[in-house]
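Protein chains: 2
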Amino acid sequence: MTAQSRDDAQARLSGVADLLWRTRPPGRRGPKPKLTPEQIADAAIAIADRGGLPAVTMQHVADELGTAKMALYRYVPGRTEVEALMLDRALGTPCEPEQDAWQSALTRWATKLYECASRRPWSIELIQRPHLPGPNELAWFEAGLSAMGELPLEGGEKLDALAMLSGHVMSIIRQQAAGLTPESELAAALAPILEQRAGEYPLTVAAFAQSEKSGRDGALRFGIERMIAGIEALAAERLRGRQSKR
Amino acid sequence: MTAQSRDDAQARLSGVADLLWRTRPPGRRGPKPKLTPEQIADAAIAIADRGGLPAVTMQHVADELGTAKMALYRYVPGRTEVEALMLDRALGTPCEPEQDAWQSALTRWATKLYECASRRPWSIELIQRPHLPGPNELAWFEAGLSAMGELPLEGGEKLDALAMLSGHVMSIIRQQAAGLTPESELAAALAPILEQRAGEYPLTVAAFAQSEKSGRDGALRFGIERMIAGIEALAAERLRGRQSKR
DNA sequence: AGAAAAATGCGTCTCATGGACACAGTAAAG
DNA sequence: CTTTACTGTGTCCATGAGACGCATTTTTCT
Chain G
1 MTAQSRDDAQ
11 ARLSGVADLL
21 WRTRPPGRRG
31 PKPKLTPEQI
41 ADAAIAIADR
51 GGLPAVTMQH
61 VADELGTAKM
71 ALYRYVPGRT
81 EVEALMLDRA
91 LGTPCEPEQD
101 AWQSALTRWA
111 TKLYECASRR
121 PWSIELIQRP
131 HLPGPNELAW
141 FEAGLSAMGE
151 LPLEGGEKLD
161 ALAMLSGHVM
171 SIIRQQAAGL
181 TPESELAAAL
191 APILEQRAGE
201 YPLTVAAFAQ
211 SEKSGRDGAL
221 RFGIERMIAG
231 IEALAAERLR
241 GRQSKR
Chain U
1001 MTAQSRDDAQ
1011 ARLSGVADLL
1021 WRTRPPGRRG
1031 PKPKLTPEQI
1041 ADAAIAIADR
1051 GGLPAVTMQH
1061 VADELGTAKM
1071 ALYRYVPGRT
1081 EVEALMLDRA
1091 LGTPCEPEQD
1101 AWQSALTRWA
1111 TKLYECASRR
1121 PWSIELIQRP
1131 HLPGPNELAW
1141 FEAGLSAMGE
1151 LPLEGGEKLD
1161 ALAMLSGHVM
1171 SIIRQQAAGL
1181 TPESELAAAL
1191 APILEQRAGE
1201 YPLTVAAFAQ
1211 SEKSGRDGAL
1221 RFGIERMIAG
1231 IEALAAERLR
1241 GRQSKR
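Chains G and U supply the protein sequences, listed in that same order. If you read the first sequence in our numbering, its first letter stands for residue 1, the second for the next number, and so on. If you read the second sequence in our numbering, its first letter stands for residue 1001, the second for the next number, and so on.
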């Protein structure tokens, strides 16, 4: 990595950090700002909700707000930062943790994450690229850890567990956005290929046929349940180890 | 959806299908083609390996091959199709399934997938967007199903299990690409924020501290093991159900 | 009050990218 | 040897991110 590109990265990161975490001094002199970074983010979100992430261009955002494109750059260093703001606003604050067993708390956490993110499929595109997490993202993290309260795992393992669960949620949302429903064009294009080459992919063809017949739609739940069960097995193992040491 | 956009989608899909699944008639008259779609894909792969997906532009690919940009369009409808070819070539064919217990077979499958995809981080970016799967991608699928051979699950559940495992693998690769290692700029930018706001995110701070101290690096393995354990629990449940019915 | 300083709104330019189109050259088929 | 399908590529256009400069507006300081 060149010194140049490292400096660039640093500059970009501190720009994002300033916006997300508000280290900016409140300007004094000069004309009143007509906009705020938040308004810009909201406009961008509105556009993304209608036309997806690719529709979010500086021009469109400016049109949405009724200003000139270049005016936006007074409030936001560039497109990257707009996306960072969009993401953290879209995530929102996680809901309060109710006090119950870690199994149901974690399940609820993952389910809520799903509900929240699947309302804005573009948000997972953003969250899955390298980025500095914002306040809301960290709050979700904190909430997840809190749900695992008395679970007998190390800190690092809890982080891994959260990564596993959130990764699953996002992967499912992507899958749904891709439209692997039998009606989608994608499935329509794949069907004849699969049919023609059934010999080469016998298990795949069989599995899809069986899955369509029973009309399954529980990939999200299936994954969450298996993961919880897997964590439960580890926890049980740990407890057993503890007892035998005694 | 408008009729226009549906037709566009159809046309794009059939272009990809022709390339990936070779339904093209071999041309006869005229000059010999100087290139093949495969060469183009390989050039694009070389570029992506060096500079990531954004560096893959038609211009760069043409430069790499020593031809003019517009020459590429004789062999490939557009950028989308180049990416589809890149992906399927990058995936390669999955390795032969050895005959052993489904647990180790599935674990090996996921691990191989990891090794293969983490060599080319850009491939997960491609595989995670809506696309028509190519021969190699389907072969991986088939291999995964074959690994689950005698596992007492329905077809749909097996699909869900594969989605869960592959989702985890991809999520881990993304995480590593983002560089959440303590040396990365991203971590360096996050650290002071976390420190300053330790009060708001106590569990997060604690978990990261604990995880750094023990130097954990097993997120991939942790997830795979938990998932296998979770599937195992389900399988055991099924078998118990079967026996009690008898 | 008046001047200086600081901040804003935004027009203009540049550069990269994907892709449409046309035209000339080439090699096989009749 | 003409016809014809197919190839290589130069030209042109639309769209997007962003640098830069300038006029304008407020606040602060003398």
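Where is the CB? At the ideal position from N, CA and C, for every residue including glycine. Note that the structure is predicted; figures quoted are calculated from it, not measured.
Close-in-space but distant-in-sequence residues of the same chain around residue i (CB under 6 Å, 5 per side omitted)
i                       : result
residue 1192 of chain U : none
residue 140 of chain G  : 94
residue 1081 of chain U : 1015, 1016, 1019
residue 126 of chain G  : 83, 87
residue 1168 of chain U : 1223
residue 1207 of chain U : none
Cβ neighbour criterion (16 or more within 10 Å) applied to residue i
i                       : result
residue 1088 of chain U : buried
residue 160 of chain G  : buried
residue 230 of chain G  : buried
residue 1150 of chain U : exposed
residue 30 of chain G   : exposed
residue 1158 of chain U : buried
residue 128 of chain G  : buried
residue 33 of chain G   : exposed
residue 1199 of chain U : exposed
residue 1104 of chain U : exposed
residue 1142 of chain U : buried
residue 1051 of chain U : exposed
residue 92 of chain G   : exposed
residue 1110 of chain U : buried
residue 209 of chain G  : exposed
residue 1001 of chain U : Unreliable positioning characterises residue 1001 of chain U in this predicted model, as indicated by a pLDDT of 48, which lies under 50. The coordinate reading is nonetheless provided below. When all chains shown are included, residue 1001 of chain U counts as exposed.
residue 134 of chain G  : buried
Sequence-distant residues of the same chain with beta carbon closer than 8 Å to residue i, five excluded per side
i                       : result
residue 112 of chain G  : 94, 95
residue 1214 of chain U : none
residue 1152 of chain U : 1235, 1238, 1239, 1242
residue 67 of chain G   : 34, 35
Residue range of the alpha helix (DSSP H) that includes residue i
i                       : result
residue 83 of chain G   : 79-91
residue 169 of chain G  : 155-178
residue 114 of chain G  : 102-118
residue 1051 of chain U : 1037-1051
residue 58 of chain G   : 58-65
residue 1203 of chain U : 1202-1213
residue 146 of chain G  : 135-147
residue 196 of chain G  : 185-196
residue 1126 of chain U : 1122-1127
Beta-carbon proximity list for residue i, same chain, < 7 Å, skipping 5 on both sides
i                       : result
residue 164 of chain G  : 227
residue 1121 of chain U : 1173, 1177
residue 107 of chain G  : 224, 228
residue 90 of chain G   : 45, 120, 123
residue 1166 of chain U : 1113
residue 47 of chain G   : 55, 56, 60, 61, 64
residue 102 of chain G  : 147, 148, 149, 150, 151
residue 99 of chain G   : none
Distance between beta carbons of residue j and residue i, contact taken as under 8 Å
i                       : j                       : result
residue 1058 of chain U : residue 1069 of chain U : 5 Å
residue 1013 of chain U : residue 117 of chain G  : The pair is not a contact, with the Cβ atoms about 27 Å apart (cut-off 8 Å).
residue 1041 of chain U : residue 1064 of chain U : Their Cβ separation, rounded to whole angstroms, is 11 Å, which puts residue 1041 of chain U and residue 1064 of chain U out of contact at 8 Å.
residue 219 of chain G  : residue 1233 of chain U : No, residue 219 of chain G and residue 1233 of chain U are not in contact; Cβ-Cβ is about 18 Å, not under 8 Å.
residue 162 of chain G  : residue 1203 of chain U : Actually they do not touch by this definition, with Cβ atoms about 11 Å apart.
residue 62 of chain G   : residue 72 of chain G   : 6 Å
residue 1132 of chain U : residue 1084 of chain U : 7 Å
residue 185 of chain G  : residue 1009 of chain U : 5 Å
residue 156 of chain G  : residue 1216 of chain U : 4 Å
residue 1179 of chain U : residue 97 of chain G   : 30 Å between Cβ atoms; not a contact.
Can you find at least 3 beta carbon pairs, one from the segment 71-83 of chain G and one from the segment 28-40 of chain G, that sit closer than 8 Å? yes
Contact between the segment 1161-1180 of chain U and the segment 232-241 of chain G (3+ Cβ pairs under 8 Å): no
Would you be able to state if there are at least three C-beta pairs under 8 Å between the segment 192-207 of chain G and the segment 1132-1148 of chain U? yes
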